[in-house]
Structures are given as C-alpha cells and as structure tokens.
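See structure below.
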Amino acid sequence: MMMNKTLFALSALFAAITMTGITAPVMADTQSENGINIGGAVRVNYAYKDYSEASKDKGGDFTFDMAAIKFNGKLDDWGLAAEYRFTASTDYIKYGYAYYDMTPDWQLQFGINKVPFGNREFISNSFWFGIPYYLGFEDDHDIGVKATYENNGWHTDMAFYKSPEYGPTENKRYAADLYSGTINGTEYHNEETNQLNLRQTYTLEHNGGSTELGGSIQYGQIYNSDTGNNGDRYAIAAHLNSNFNGWNLQLQAMQYEYDAADALDPNKIGISVVSWQYEIATKGQVYSVNLAKSFPTDWGSYKVYNDFGLMTPDVEDSDYDDSLQNVTGVAIAAGPTYTMFDIILGKNMTFSTANNDHVGLPETGDDWDLRVNVNFGYYF
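Count the sequence shown with mature numbering (1 follows the signal peptide of the UniProt record, and there is no 0) and you get residues -28 to -1, 1 to 352, in order.
Set out below in structure tokens:
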C-alpha cells in the first residue's frame, strides 16, 4: 500500500506542477507533447464453462471485470505514466514509472515498467493472452530501470529489475511472478530478484506492411527466503510480428528454466497471478502461432484471429505432459468501446481446463475443455 500511496502522491504533485489543461485521453504509455492526459476504462465480462455444470445450468456468468485509471504527464524531457486497476475483490497497480528522453532516440524509464521480453506488444490477440503470460513472460511489469533505443527500424531494450511489483506472498497482481506460499501441499519460499533483460528487434518495411524480427534474453536470481540461498533462472526467445494488407502473423519460440535453490521438488515451481496461485514445470519450451485479419468499416473495425500455444515440459519427471491452448475470436472496435469474443480450448492448461490447474504438470484425464468469454470495455 505504501508504493500505491507514493505513486498517487507523485502523480498529484506532477499534475500540480505541469497542469496546462486536460487534453484528450490517449492509451499509449508515453506522449510526445507537454501536458497531462487522464483516461481509463470500465469493463464487464461474460464467461461460460462447458466443463462446469453450474455454469451450464446458469447459462454462464456475467460479472464486473475491472475499472482502471490511467495517467500520462510530460514536461519537456521528463514524464510520468501510471495505470491502476480496481476489480470486485481487489485493486493493484499495472505500471507506474517516470521517464526521461535523453535524446530523440534514447529513453530511460524508472519504476514499474514493462519487461522487454518476447514480441514487443503481445504474443496474443485475445483477452485470454497466450501461454507465455501464465509462465511470467508476456505483458509482465517489474520494478527497475529500462533504457530503450529506436532509430531506422532498430529497437533495443536493456533493463535491470530488482524485484516484481508486489512481494512474493501476494497473489493479487496483474502479471505472473514467482509465488511464496503453499500450493497443493508443496511449500515454496521463492522470490524473484536481480533480473537482466536484453531485447533486439529490427523492422523491415515492405509493400503492404512491415515485418519485425527479434530476439530476447532474460536472466535473474531466485532467492529462497527460508534458507537464504540463491538459485537462478533464464529465458530466451526468437519472435516475428508481420503485417501484410490487414493480415497479421505472430510467431514465437522460447525456452525457459527456473532453477530454485533448495527446492523440495525440482520439477515444479509456484506462480501467482490475478488472485490465484498454481504450479508450472520448471523447464520447458513454448511455441506460439497467431494469425489475425483486420477489417475496417464505416463504424470502426473488427479483427478475426486464432491464437495457438504449445508448452512442452523438459524436466526429469517423464510423467509431466504438454499444455495446449487455442483461442479463436473476434475483436470489435467501435468508438470508445472494444469488445472481444473468445472461444478457448485448453488441454492440461491452467484457467482453461476443468481438472488441470497448472502448466506442464502431469495431466488429469485426456480431454480438451471448452469455455467462452466475452469482454466488453468502454475506454475514455
């Protein structure tokens, strides 16, 4: 809570110093002109689980998803960006950082900023994200300093993160991080610390669009709060994001490993996200193949997509099984609204299967499970 209060105090102070009038809200993390932008969103969600008798009996559930407040402020070469979210059961910060434009090509960011790993935006099109998100490698935000460079198609990110945005015993967070606590009878004492990231991409312009090629490396420590010893972790990825005449193709292949010190079971480790905790295989490969087509209209636009992900565990226990997820959907943008209709098929995958609340562990049963999700958002 101290971090949250500090961020709001800094936002208020910055607004008082730089206020020149409220401009139209923007959803980008930073802006190029002096001034203050305040925006946000309100979202509701419909969920239907074909594997849940209660969900089928009720015809699904329609609930409040979240409300968000978003702040972007800039004065000359200095700026501040933050987003805070409120759900029915909790509230948490997504990001909050100060930045400094050293030159037209270089920017420094200090605070809770987006970890540069994998595809520069997302490795998914849907509300449901891809498998890397549930392992801690998509749209993650941690506390540290990041330097970005962009010029003539080249984009470089270099970053150091001291810790995640919240402590290891907290599960009320936006993005997945290592968890310290008991999950399914196994006690974990792991904390992420001292993480280094390097990502390099190059964008090729061509007739009908552009293609971005890139590679990412991540390395960090795992501190055991019970024994005081350190383990380590790493991840590497190659990624492609290509656009051609309204079509978009995303490809990513990555490998990761969590080597925790003094682990009770070296084959698995605890993760927490969105008020929940689960276990994942400590080592594996993840493959993502996403295809989308966008269609502009007089009233807005819509995008049809299919996101496929496969995680193959690479641990000593031969009983560990692959996890798969396929999301077929359409996203509709009309004025200030954005709606995503997703059909999610999961196999041995957390949040999308009935009996397998993990990623890459031994599977219970051998079936694909189906759920439908519709998320409606109003952005201002």
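We put the CB at the ideal spot given by N, CA and C, even for glycine.
Ranking Y160, A131, T62, Y69 by CA distance to the CA of E55 puts Y69 first.
Per the C-alpha coordinates, the member of G349, G125, F58, Y133 positioned closest to A303 is G349. Taking the Cα of Q167 as reference, the smallest distance to any Cα among K118, G180, Q249 is reached at K118. Each residue's CA atom was taken as its position, placing D198 and R92 some 36 Å apart. Exposed is the label assigned to E159, since fewer than 16 other Cβ atoms lie within 10 Å of its Cβ. For S188, the uninterrupted beta strand (DSSP E) run begins and ends at 181 to 196, by DSSP.
Between N239 and Y195 a beta carbon distance of about 20 Å is seen, past the 8 Å cut, so the two are scored as non-contacting. Counting along the chain, D231 sits inside no alpha helix (DSSP H); it lies in the beta strand (DSSP E) bounded by residues 219 to 231. DSSP places I103 outside any beta strand (DSSP E); the residue lies instead in the alpha helix (DSSP H), whose first and last residues are 103 to 107.
Residues of the same chain with a CB within less than 6 Å of the CB of N17, apart from the 5 flanking positions on each side, are T35, D37, N347 in chain order.
In this structure, the alpha-carbon of Q297 lies about 43 Å from that of D49. Within its own chain, the residues whose Cβ lies closer than 6 Å to the Cβ of G272, once the five positions on either side in sequence are excluded, are A305, A306, listed in chain order.
Ranking T175, T254, Y277, V245 by CA distance to the CA of A232 puts T254 first. Beta-bridge pairing by DSSP links W100 to no other residue. With a threshold of 16 other beta carbon atoms within 10 Å, G125 falls short and is exposed.
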